[in-house]
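UniProt numbering puts the first residue of the sequence shown at 1, with every later residue one more than the last. Yeah, the Cβ is synthetic: ideal placement off N, Cα and C, and Gly gets one too.
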Amino acid sequence: MDINIKTLQVTAMEAAVKVDVNTTPPIQKEISALQIQPVSVIEMIGDVDSSTAPLVQKQVLPLVQPGSQILLDMTKVPYMSSAGLRLLLSLYRLVLSQNGQLLLVGVAEEIKDTMSITGFLDFFQISDTLDSGLKALNFKLHVFST
């Protein structure tokens, strides 16, 4: 089991910050993090359950700074257990305590249904696409492949 964290180089609006997040075993999961001040775009790939949520939390929570804008891309997360929901709630509370914003992107219908039933959906702003999420944060992103 491996967790792979990609580093992406992004140029946007004269501010490009390279985020280098170390690889942490032992879960098959991929997280890409890129920081474009003040927006952190975090892409998660794979299931978020009791075995992966603590590792994801360890990598994601340190990205939260005062006034952070976090865009969590969940387009490639097909399943989320209650541990994953707790992770989202912890992230929400931390971002809120830092006077920041958290936006979820591409949440699977099954996960949305679970969030709705549990009342979690009321806490989050959700967009269908990365572009609409960035627009909701009033931010334009220009990505250059490396």
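- Judged by DSSP in its simplified three-state form, Leu121 adopts helix.
- Considered as a whole, the region 74 to 132 harbours 101 to 105 and 125 to 127 as its complete beta strand (DSSP E) runs of no fewer than 3 residues, in chain order.
- Beta bridge pairing from DSSP links Val48 with Met80.
- Burial of Gln57 is indicated by the presence of at least 16 other C-beta atoms within 10 angstroms of its C-beta.
- In the three-state reduction of the DSSP assignment, Gln65 falls in the coil class.
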